[in-house]
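Here's the structure, in structure tokens; my notes come after.
There are 8 protein chains.
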Amino acid sequence: MANKTVVAVVMGSDSDLPVMESAIEVLADFGIAFETKVLSAHRSPEDTHRFASGAEERGLKVIIAGAGGAAHLAGVIASATTLPVIGVPMPTDRAGGIDSLLSTLQMPGGVPVATMGLGKSGARNAALLAVQILALSEKKLNTAFKEFKDAMRDGVREANEKVQKRLKGDGSDG
Amino acid sequence: MANKTVVAVVMGSDSDLPVMESAIEVLADFGIAFETKVLSAHRSPEDTHRFASGAEERGLKVIIAGAGGAAHLAGVIASATTLPVIGVPMPTDRAGGIDSLLSTLQMPGGVPVATMGLGKSGARNAALLAVQILALSEKKLNTAFKEFKDAMRDGVREANEKVQKRLKGDGSDG
Amino acid sequence: MANKTVVAVVMGSDSDLPVMESAIEVLADFGIAFETKVLSAHRSPEDTHRFASGAEERGLKVIIAGAGGAAHLAGVIASATTLPVIGVPMPTDRAGGIDSLLSTLQMPGGVPVATMGLGKSGARNAALLAVQILALSEKKLNTAFKEFKDAMRDGVREANEKVQKRLKGDGSDG
Amino acid sequence: MANKTVVAVVMGSDSDLPVMESAIEVLADFGIAFETKVLSAHRSPEDTHRFASGAEERGLKVIIAGAGGAAHLAGVIASATTLPVIGVPMPTDRAGGIDSLLSTLQMPGGVPVATMGLGKSGARNAALLAVQILALSEKKLNTAFKEFKDAMRDGVREANEKVQKRLKGDGSDG
Amino acid sequence: MANKTVVAVVMGSDSDLPVMESAIEVLADFGIAFETKVLSAHRSPEDTHRFASGAEERGLKVIIAGAGGAAHLAGVIASATTLPVIGVPMPTDRAGGIDSLLSTLQMPGGVPVATMGLGKSGARNAALLAVQILALSEKKLNTAFKEFKDAMRDGVREANEKVQKRLKGDGSDG
Amino acid sequence: MANKTVVAVVMGSDSDLPVMESAIEVLADFGIAFETKVLSAHRSPEDTHRFASGAEERGLKVIIAGAGGAAHLAGVIASATTLPVIGVPMPTDRAGGIDSLLSTLQMPGGVPVATMGLGKSGARNAALLAVQILALSEKKLNTAFKEFKDAMRDGVREANEKVQKRLKGDGSDG
Amino acid sequence: MANKTVVAVVMGSDSDLPVMESAIEVLADFGIAFETKVLSAHRSPEDTHRFASGAEERGLKVIIAGAGGAAHLAGVIASATTLPVIGVPMPTDRAGGIDSLLSTLQMPGGVPVATMGLGKSGARNAALLAVQILALSEKKLNTAFKEFKDAMRDGVREANEKVQKRLKGDGSDG
Amino acid sequence: MANKTVVAVVMGSDSDLPVMESAIEVLADFGIAFETKVLSAHRSPEDTHRFASGAEERGLKVIIAGAGGAAHLAGVIASATTLPVIGVPMPTDRAGGIDSLLSTLQMPGGVPVATMGLGKSGARNAALLAVQILALSEKKLNTAFKEFKDAMRDGVREANEKVQKRLKGDGSDG
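Residue numbers (our numbering), protein chains in the order written: chain A, 551 to 724; chain B, 551 to 724; chain C, 551 to 724; chain D, 551 to 724; chain E, 551 to 724; chain F, 551 to 724; chain G, 551 to 724; chain H, 551 to 724.
Now the structure itself:
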């Protein structure tokens with residue numbers, strides 16, 4: 551991958567990696583050059599600010615940030631850059647992630663964070679949204695995303711056939 | 551405004567207009583050409599599908615969709631286009647909008663909706679995210695967004711001065 | 551089962567099958583001919599629309615749809631058919647299924663979805679509601695449903711006896 | 551209206567009438583003969599049981615029940631009849647109606663209640679679901695429901711035009 | 551235990567027994583004669599009504615009812631008796647028991663259910679409340695309850711000592 | 551009212567009086583001698599403890615306690631008496647009273663609080679539960695409660711007739 | 551007030567002033583020198599960071615921060631200072647403030663925010679906690695706080711007397 | 551540790567110890583002398599009151615209290631002392647700890663409890679807040695806390711490097 555890094559995948563702790571890998575896989579599949587960072591809005595605020603305020607100049611186009619609990623990471627990054635910031639709320643053991651979700655989503659007017667659903671699906675969708683954004687000015691990605699969408703539909707059709715087979719003889723004629 | 555329409559602001563009902571006007575104002579302020587549509591995922595599904603599947607070809611770049619309750623509009627549009635879709639959950643009278651929020655946000659892996667906070671702030675942020683996305687390939691918008699961010703900071707400073715004045719004589723030396 | 555297929559059991563993913571099998575078993579028990587489909591409101595929207603808009607003509611009477619998260623499947627089907635649509639919210643790992651529940655239930659005026667409780671009990675009840683609806687014009691089903699209701703009552707009585715036995719000697723004279 | 555009463559609209563208190571009137575209007579519009587009853591699962595349990603257990607014999611086909619708080623009315627009626635029962639959770643002042651919603655929806659396996667969304671939209675949809683159920687064996691209602699669905703779509707189109715007009719000159723070319 | 555049965559412990563299903571045994575144990579410990587019943591508000595409504603309306607005449611003083619989901623059992627029993635009814639909301643797998651809790655608690659004015667906390671602690675407390683009620687007219691129980699309260703306090707003191715010991719050498723002088 | 555005070559209605563603040571008056575009215579209606587107290591678990595803890603620990607000796611039989619927010623009043627009283635304590639969670643402006651509700655209800659095993667629903671209905675039911683408890687050993691109250699229950703049923707029947715009249719001519723034959 | 555400023559009352563917007571004035575009044579009553587600031591974690595992040603990281607050197611001892619929605623202000627300040635930070639979650643129109651509450655409270659291990667209840671009571675308590683902290687090393691404040699606590703208890707006693715008077719003649723002997 | 555005990559770590563039950571040990575470890579690490587107590591607001595109210603009202607005289611400076619469910623412990627202690635009280639809401643099996651959280655946090659104006667997040671992180675932060683408070687008048691602790699903050703930042707940097715290494719070869723250049 552010789553092309554320029556355009557997406558950053560940032561997470562509040564290395565314990566978020568198992569979730570954020572769902573984003574990383576998608577970016578790799580689409581051949582998008584990305585970097586990953588562990589940065590904490592609360593434990594390394596200056597590093598985080600330095601990263602965010604320098605991101606555009608370093609050529610980044612989109613920042614994906616995953617954090618849990620009082621999840622300030624995406625918002626703090628959004629406060630220091632004009633790049634689109636995509637937030638992934640981490641599931642949390644106890645409050646089920648509703649804390650992460652509301653802390654990421656309910657941003658004040660003026661500082662948007664594009665919030666995804668909780669957990670792995672959300673991380674995966676964060677990367678796909680990054681692809682959609684980059685595809686606006688990159689024809690090849692646009693074509694790739696369309697193929698991805700077709701493949702997804704075909705996947706549903708295959709699942710349908712699989713279910714038909716499994717149920718044959720159960721009284722279903724489906 | 552002679553330039554090409556690049557953003558659509560779609561809403562499930564004309565009763566959503568008072569909220570979605572917060573998006574419309576931002577787009578107008580940034581000089582972005584946009585269209586508005588009332589389309590219902592449930593009451594006019596074919597019109598909605600036709601709109602969404604033809605959006606890219608018609609030159610749109612970003613779709614903002616606001617809906618309430620079992621808010622399927624953003625998701626249904628996202629299912630039929632490869633453009634980035636930004637969802638604005640409408641506040642609802644009874645469940646406080648948590649129904650709109652979860653129905654917009656919790657999309658399955660594969661079909662992202664960039665979800666904003668509830669209501670007017672969310673609508674405003676939806677337009678600002680659209681600006682951020684378009685600014686990636688339009689230098690002039692990028693500059694404008696930076697000015698907007700500076701003005702926002704200055705607004706906080708002015709609010710600070712206003713509060714200082716109001717509290718003078720109250721025992722605060724603020 | 552030579553009779554005509556009158557109920558469809560649709561699910562958003564084959565991973566929903568373990569829950570939706572509770573519906574399938576009930577339909578089989580009552581001798582109702584049904585079909586099962588995997589269809590996704592978001593990943594195969596056109597297949598879903600085609601299925602829903604053609605359902606009545608194909609002779610279906612009732613459609614049962616199970617989906618999770620931003621669960622749009624039942625609503626999207628209801629938007630494209632005049633048949634009664636019964637929604638089964640899937641439990642989800644993180645938000646406990648409240649997302650599925652509200653996304654299925656809070657439909658706008660004009661497009662009802664008959665929503666069941668979360669998970670297996672809900673799926674079972676979806677099939678029983680289908681039986682109740684079909685029984686309105688099919689005497690035999692009505693009789694069968696009454697027998698089912700009696701058997702259910704007898705089941706409670708047996709459970710009562712079982713508990714009495716288990717507690718004998720515990721100080722209960724129950 | 552000389553035809554036979556086939557739907558009952560039951561409510562736990564006469565204070566529920568302003569919400570349940572949304573159901574009543576729809577039934578009247580479709581020319582369906584209905585009766586209304588105030589019955590309380592808790593304050594007049596025997597009247598409620600008598601009503602429910604005799605409903606089928608009296609020729610009723612569908613029962614719509616609205617109640618709030620620990621909303622047991624729909625479930626209690628469903629326990630004593632084999633007819634389809636549609637539940638409308640009443641909004642409540644304090645817990646926002648989530649109590650009504652869960653008390654109506656989360657029925658045990660074996661006793662379905664077709665639950666609608668909260669409040670007036672839910673009441674309206676309850677009546678529409680009744681129409682859909684009755685339309686399965688009454689051609690005229692089926693046609694009427696299709697016309698209703700078309701009119702609803704046209705209503706969205708008109709709302710769209712209204713919004714276009716209101717925004718003309720605002721910078722939208724929508 | 552030759553004395554007259556004064557408390558009934560009723561549950562909606564025999565699967566509730568592991569929770570309700572916490573109530574049973576307390577009643578046995580206090581030497582209170584009780585009976586246990588499996589009765590379902592929805593699946594055996596007539597048995598339930600018969601039980602409740604005859605309870606007082608049979609000499610019962612207090613009824614404890616545990617149920618989950620759309621937990622109508624306590625309310626339905628309360629509707630048919632003038633005896634104090636104590637409700638125990640069962641934890642549920644998915645909505646965490648908040649459905650059981652609100653369905654039991656939010657009774658309309660006129661029909662109280664003395665609601666306990668979720669699960670085993672709630673079941674235990676239901677029995678203790680029954681003891682407190684019966685102790686109002688039975689001196690011996692009153693004395694026993696006071697001893698129980700003292701023993702509970704002593705239990706806390708012992709737990710305190712246990713913790714002191716465990717932490718000795720950890721830097722605590724506690 | 552020459553008889554001995556047997557019920558105390560305690561509230562955390564005089565601002566709770568409008569809600570707690572619903573309890574007071576019921577007690578007055580049934581001719582039960584009661585006292586009212588403003589006592590705060592947090593702001594007058596020693597007065598509260600003195601009240602609770604001396605309650606039984608002063609002849610009280612039942613204590614009703616209403617409080618809001620982190621509603622500790624009922625629990626704190628229950629910790630210092632062996633009398634039955636009935637808790638009324640006050641509605642709160644912001645969290646809708648769910649804070650009051652859970653703080654009152656989720657008591658640890660060993661210290662029951664008989665929790666009522668939120669607000670005025672809950673306060674009314676608290677008094678009715680007190681009546682039910684006292685009626686166990688006072689025949690006259692038992693008779694009065696039965697009359698109350700009959701009157702309540704008759705009230706529903708009258709509401710039913712009122713609704714019939716209001717809807718006459720609306721297409722309902724109700 | 552000639553003494554040194556030791557407390558800062560910071561708020562995210564001047565619209566938060568009506569709530570935060572409850573803190574200001576308490577500080578003024580106790581004669582504590584304070585300053586007030588409008589600072590936004592998202593709209594003026596650098597000003598906020600500068601304020602927080604210089605706070606200790608400027609002689610501040612405690613920082614009170616109020617913010618709403620995705621309320622990051624207290625957490626962002628806590629990340630940049632070693633002073634105790636007290637967070638006041640602002641009530642919000644739509645999600646009832648639960649978003650503010652969880653965003654302020656659920657901080658990661660390592661960066662505490664002393665979170666108060668929602669709104670005016672919370673703001674008032676924030677100032678009182680600041681007083682308690684300062685009182686640890688200032689005898690005069692400790693005495694003042696004790697007097698405050700006694701006055702609060704006396705206030706409850708007066709409220710009690712007020713209620714007694716109001717109810718005299720209502721059948722209460724309270 | 552020869553120095554005077556200044557912090558108490560109190561918990562409602564010895565089953566809370568695994569959570570509260572996160573507080574104990576921090577205090578030990580900072581060399582702060584502390585004591586631990588098992589005290590129950592409900593099961594040993596008099597012991598609790600005695601502890602709280604005597605705490606200041608015994609030389610304590612800060613009290614940390616952890617409890618779950620209807621978590622009254624921190625509030626009850628705060629009602630009887632003028633020392634700062636820090637509350638740690640225990641996670642609970644069923645309602646996910648939201649009961650503990652609201653019962654600890656939503657204190658009435660006048661009696662602050664500095665509430666931490668749920669569970670172990672909250673317990674850890676409680677101890678760190680105690681350190682911050684004590685550091686206001688103890689230079690050595692202030693220095694130690696600054697070192698702790700630096701170490702925490704370094705920990706994030708190390709986690710970042712760890713993640714970089716793990717992802718090397720995965721297509722990331724991060």
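We put the CB at the ideal spot given by N, CA and C, even for glycine.
Through-space distance from residue j to residue i, alpha-carbon basis
i         : j         : result
Leu-589/E : Met-570/E : 13 Å
Ile-574/G : Gly-647/G : 21 Å
Gly-672/H : Ile-683/H : 16 Å
Asp-500/E : Lys-587/A : Within the shown structure, residues of chain E are numbered from 551 to 724, placing residue 500/E beyond reach of any answer.
Gln-656/A : Lys-670/B : 11 Å
Ser-650/E : Ser-563/B : 35 Å
Pro-641/G : Met-640/H : 24 Å
Val-508/G : Pro-634/H : Not covered by the structure: residue 508/G. The range shown for chain G is 551 to 724.
Gly-609/C : Lys-696/C : 26 Å
Phe-698/A : Val-681/A : 11 Å
Asp-700/C : Gly-659/D : 14 Å
Glu-688/E : Ala-664/H : 44 Å
Asn-710/F : Glu-607/D : 21 Å
Cβ-based neighbour list, residue i, same chain, cut-off 8 Å, excluding 5 preceding and 5 following
i         : result
Asn-692/G : Ala-685 and Leu-686
His-622/H : Ala-591, His-592 and Ser-653
Val-661/C : Gly-625, Ala-628 and Ser-629
Pro-595/A : Val-626
Sequence-distant residues of the same chain with beta carbon closer than 7 Å to residue i, five excluded per side
i         : result
Glu-585/H : Thr-555 and Ala-558
Leu-678/C : Val-576
Asn-553/H : Ala-583
Gly-721/A : Its pLDDT being 46, under 50, Gly-721/A is placed unreliably in this model, and the value from its coordinates should be taken loosely. Correct list: empty, nothing qualifies.
Contact set for residue i: own chain, Cβ-Cβ below 6 Å, skip 5 residues either direction
i         : result
Ala-676/F : Ala-573, Ile-614, Ile-636, Val-638 and Met-666
Ala-620/H : Ser-653
Met-551/H : Caution applies to Met-551/H, whose pLDDT of 42 falls short of 50 and renders its modelled position unreliable; the model cannot decide the point.
Under 7 Å by beta carbon: chain B residues contacting residue i
i         : result
Asp-649/C : Leu-652 and Gln-656
Proximal residues of chain H, C-beta to C-beta of residue i below 7 Å
i         : result
Arg-608/G : Those do not exist, as Arg-608/G stays about 14 Å from chain H at its closest Cβ, beyond 7 Å.
Under 7 Å from the C-beta of residue i: neighbouring residues of chain F
i         : result
Ser-603/D : Result: empty, since nearest Cβ-Cβ is about 17 Å, beyond 7 Å.
Partner residues on chain A for residue i, Cβ-Cβ distance less than 9 Å
i         : result
Asn-675/H : Chain A residues near Asn-675/H: none, gap ~11 Å exceeds 9 Å.
Pro-568/B : Ordered by position in chain A, no residue passes the 9 Å Cβ test against Pro-568/B, which lies about 15 Å from the chain.
Cβ-Cβ separation, residue j to residue i (assumed contact under 8 Å), whole Å
i         : j         : result
Val-713/G : Ile-627/G : In fact, because the Cβ distance is near 42 Å, the residues do not count as touching under 8 Å.
Ala-694/G : Phe-580/G : 6 Å
Within chain C, the residues that residue i reaches when beta carbons sit closer than 9 Å
i         : result
Ser-671/D : Gln-656, Met-657, Pro-658, Gly-659 and Gly-660
Listed by chain order, chain B residues near residue i by CB distance under 9 Å
i         : result
Met-640/A : In chain order: nothing, as chain B lies at least about 14 Å away.
Interface partners of residue i on chain E, CB under 8 Å
i         : result
Gly-667/C : Gly-619 and Ala-620
Chain-ordered chain C contacts of residue i [CB-CB under 8 Å]
i         : result
Thr-632/D : Gln-682, Ala-685, Asn-692, Phe-695, Lys-696 and Lys-699
Closer than 8 Å at the beta carbon, the chain B residues around residue i
i         : result
Lys-611/A : Leu-686
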